[in-house]
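J.: In my numbering, each residue's number is its place in the sequence shown (first place is 1) plus 3. No residue lacks a Cβ here, since even glycine has one placed at the ideal position from N, Cα and C. This is the structure I want to talk about, given as structure tokens.
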Amino acid sequence: MSGVFLAKVSNRQMLQDPNNMISFLEKNDIKSFDELHSFSDGHLAEYNKLAAKYSGYGNQIKSLLAKIEAYDRIKPFLDVVRKSESLKGLAKWRFDRENRSMLDEYPARLKEFRKVVPKGEKIDPQKCQKDMEALIDKREDMEGLLQKEVGDLACVEVIDFNKKNEEREHSNEVHAKERSMEHERNPSRKSHQAER
């Protein structure tokens, strides 16, 4: 058996226990398949809302991490440029000569930095780090809510599968009985088929 949410559940044994399914139905006061599908629709909408928020936090974390990494890569070059700009005369000439490669490489590094951090945006790595940690905490809190929705929706998938499986088995039994009754009514057909 497979399902979108069933594939996301780690403890599938629990879903195979009929007592757990009965408990799920009782806990959620579900008495009919219409109620089950209403439950599923509501929880699917909630899951999608949570998943979008979870994904949004992930994108914000990636963006902040990219800014911190970009800042860390340009910081040594920035320090050299600032020091060069603060010096005058012979001291500047000596410093620039000793740090020529970094000063020459700075424009290319700045261009790379601006791909991540637009001009005019100030970067405070410590604030970015705090913001990122807060987002990670929010995301971790949300994981529990997502897992609950996944578990509930996986239960719905199992119950739906079992219902369809039961209907298929019942249909097969009905067809088998009909064929058996047809053979009993027309035994000559049976013998003609055997001769072929």
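Here's the rule I'm using: 16 or more other beta-carbon atoms within 10 Å means buried, otherwise exposed. How should D155 be labelled?
T.: Counting Cβ neighbours within 10 Å, D155 comes out buried, since at least 16 surround it.
J.: Return the Cβ separation of L53 and M145 in integer angstroms, given the expectation that the two are a contact with Cβ distance under 8 Å.
T.: 6 Å
J.: Could you give the first and the last residue of the continuous alpha helix (DSSP H) run that contains A137?
T.: Note, A137: alpha helix (DSSP H), 128-188.
J.: My guess is that I77 and L113 are in contact by the Cβ rule of under 8 Å, so how many angstroms apart are they, rounded?
T.: Going by Cβ atoms, the distance from I77 to L113 rounds to 7 Å, so yes, they are a contact pair.
J.: Counting Cβ pairs, one atom from each stretch, are 3 or more of them under 8 Å apart for the region 146-165 and the region 35-51?
T.: Yes: at least three Cβ pairs fall under 8 Å.
J.: Are the Cβ atoms of V159 and S26 separated by less than 8 Å?
T.: no
J.: Could you give the DSSP three-state label for I33: helix, strand or coil?
T.: Three-state result, I33: coil.
J.: Work out the CA separation of M135 and K122 for me, nearest whole Å.
T.: 21 Å
J.: Among F164, H186, R182, which has the Cα closest to the Cα of H40?
T.: F164
J.: Quick one, are the C-beta atoms of L28 and V161 less than 8 Å apart?
T.: Taking 8 Å as the Cβ cut-off, L28 and V161 do not qualify as a contacting pair.
J.: How would you write the range of the alpha helix (DSSP H) that A94 sits in, first residue to last?
T.: 92-101
J.: If contacts are defined as beta-carbon pairs under 8 Å, then A69 and V119 qualify, I think. What distance do you get, rounded to the angstrom?
T.: 5 Å
J.: Taking the CB atoms as reference points, tell me whether S87 and D75 lie closer together than 8 Å.
T.: no
J.: One question on the structure: do V12 and A111 come within less than 8 Å of each other, judged by their Cβ atoms?
T.: no
J.: How long is the line joining the alpha carbons of E124 and R117, rounded to whole angstroms?
T.: 9 Å
J.: Measuring alpha carbon to alpha carbon, tell me which residue in K141, K130, C131, F80 is nearest E115.
T.: The closest CA to that of E115, considering only K141, K130, C131, F80, is found on F80.
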